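S.K.: Just dropping this structure here.
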Amino acid sequence: MAGSGVRVACVTNFPAGAPDVAAAAGETRDAVARGAHEVDVVLPYTAWLAGDRGRAVDLVAACHEACGDAVRLKVILETGRLATPENIAAAAADVIAGGADFIKTSTGKIDISATLEAAAAMLRTIRSADRPVGLKVAGGIRAVADAGAYMAQADAMMGADWLSPATFRIGASGLLNDIAATLGVDVDAPTGTTY
Numbered sequence: 001m002a003g004s005g006v007r008v009a010c011v012t013n014f015p016a017g018a019p020d021v022a023a024a025a026g027e028t029r030d031a032v033a034r035g036a037h038e039v040d041v042v043l044p045y046t047a048w049l050a051g052d053r054g055r056a057v058d059l060v061a062a063c064h065e066a067c068g069d070a071v072r073l074k075v076i077l078e079t080g081r082l083a084t085p086e087n088i089a090a091a092a093a094d095v096i097a098g099g100a101d102f103i104k105t106s107t108g109k110i111d112i113s114a115t116l117e118a119a120a121a122m123l124r125t126i127r128s129a130d131r132p133v134g135l136k137v138a139g140g141i142r143a144v145a146d147a148g149a150y151m152a153q154a155d156a157m158m159g160a161d162w163l164s165p166a167t168f169r170i171g172a173s174g175l176l177n178d179i180a181a182t183l184g185v186d187v188d189a190p191t192g193t194t195y
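Taking this note's numbering, the leading residue of the sequence shown gets 1, the next gets one more, and so forth.
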């Protein structure tokens, strides 16, 4: 993809969110060296839930350092495992303190992925942060109406001017087909086809 203009993102410490700081930082450094513009790292949520919040912050800080100033770091909280709005907000505050540029709901690999309740807890934490931080909702979003609900929630909580690619993303490959159907576009049509 070098020189193509296509931005490259990858995921590290995926999907389980292992608590090995050195391994996660090493994967992140390798991703950056190979040309990643953004890195999504999975929070060691099991360790965090067991009370080892310091390790979680250390892991995020080490990955943030590995990213440097030019590569955006998104931290996947796995909100379905954190379960409560209180845990989600506390984990979000911890990873923001560790240097996260974005906080993300889910890997999409567990039963409970993105929810409006989790996104609300994350947005409240972002609103109280001392620097700009973005939100990415991901996992289980398959319909335009669902995506619209997250966008409306962000508008209501953060203000309409907050929604932009620099601050809000929806990560749901399953959503493409519903967007295409809503727009009346055939995603399987040959390149160059006019609609």
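C-beta: ideal position from N, C-alpha, C; glycine also. For clarity, every value in this text was computed on a predicted model and none was experimentally measured.
Please state the DSSP three-state secondary structure of Ile-88.
M.R.: DSSP places Ile-88 in helix when its eight states are reduced to three.
S.K.: For Ser-173, count the other beta carbons within 10 Å of its own beta carbon; 16 or more makes it buried, fewer makes it exposed. Which is it?
M.R.: Exposed, since its Cβ has fewer than 16 Cβ neighbours within 10 Å.
S.K.: With DSSP collapsed to three states, give me the class of Ile-110.
M.R.: Three-state result, Ile-110: coil.
S.K.: Taking contact to mean 3 or more Cβ pairs, one atom from each stretch, closer than 8 Å, check whether the segment 53-65 and the segment 76-88 are in contact.
M.R.: No: fewer than three Cβ pairs fall under 8 Å.
S.K.: With DSSP as the reference, label Arg-72 as helix, strand or coil.
M.R.: Looking at Arg-72 - three-state DSSP - the assignment turns out to be strand.
S.K.: Taking the DSSP output, what are the residues bridged to Ala-9?
M.R.: Glu-38, per the DSSP bridge assignment.
S.K.: So, is Val-185 buried or exposed, given that buried needs 16 or more other C-beta atoms within 10 angstroms?
M.R.: Burial call: exposed.
S.K.: According to DSSP, is Leu-135 helix, strand or coil?
M.R.: Strand.
S.K.: Identify the continuous beta strand (DSSP E) that holds Gly-80 and give its terminal residues.
M.R.: No beta strand (DSSP E) contains Gly-80, which is instead part of the alpha helix (DSSP H) from 79-82.
S.K.: Are the beta-carbon atoms of Ala-143 and Asp-178 separated by less than 8 Å?
M.R.: Taking 8 Å as the Cβ cut-off, Ala-143 and Asp-178 qualify as a contacting pair.
S.K.: Could you give the C-beta distance for Arg-7 and Glu-38, rounded to a whole number, given that I count them as a contact under 8 Å?
M.R.: Indeed they touch by this definition, with Cβ atoms about 7 Å apart.
S.K.: Under 8 Å between the Cβ atoms of Pro-19 and Lys-109?
M.R.: No. Outside cutoff.
S.K.: Go through its chain and collect everything with a Cβ distance to Met-158's Cβ below 7 Å, but skip five positions before and after it.
M.R.: Excluding residues within five positions, the ones whose Cβ falls inside 7 Å are Leu-123 and Arg-127.
S.K.: Does the distance from the CB of Val-21 to the CB of Ala-62 come in under 8 Å?
M.R.: Yes, these two residues count as a Cβ contact at 8 Å.
S.K.: Assuming Ala-36 contacts Ala-9 under a Cβ cut-off of 8 Å, what Cβ separation, rounded to an integer in Å, is found between them?
M.R.: Right, their Cβ atoms sit about 6 Å apart.
S.K.: Work out the CA separation of Ile-170 and Lys-104 for me, nearest whole Å.
M.R.: Using only the alpha carbons, I get a separation of about 9 Å.
S.K.: If you measure between the beta carbons of Ala-138 and Ser-164, is that distance less than 8 Å?
M.R.: No, the Cβ-Cβ distance between Ala-138 and Ser-164 is not below 8 Å.
S.K.: Tell me the DSSP secondary structure of Ile-96 in three-state form.
M.R.: The answer is helix: DSSP assigns Ile-96 an H, G or I state.
S.K.: Using a Cβ-Cβ cut-off of 7 Å (strictly less than) and excluding sequence neighbours within five positions of Gly-17, which residues of its own chain qualify?
M.R.: For Gly-17, where only same-chain residues beyond five positions count, the Cβ hits under 7 Å are Val-42, Leu-43, Pro-44, Tyr-45, Thr-46 and Glu-78.
S.K.: Within its chain, find whatever has a CB closer than 6 Å to the CB of Gly-140; leave out the 5 residues flanking it on each side and keep chain order.
M.R.: Hits under 6 Å: Ser-113 and Ala-114.
S.K.: Quick one: grab the DSSP three-state call for Ile-141.
M.R.: DSSP places Ile-141 in coil when its eight states are reduced to three.
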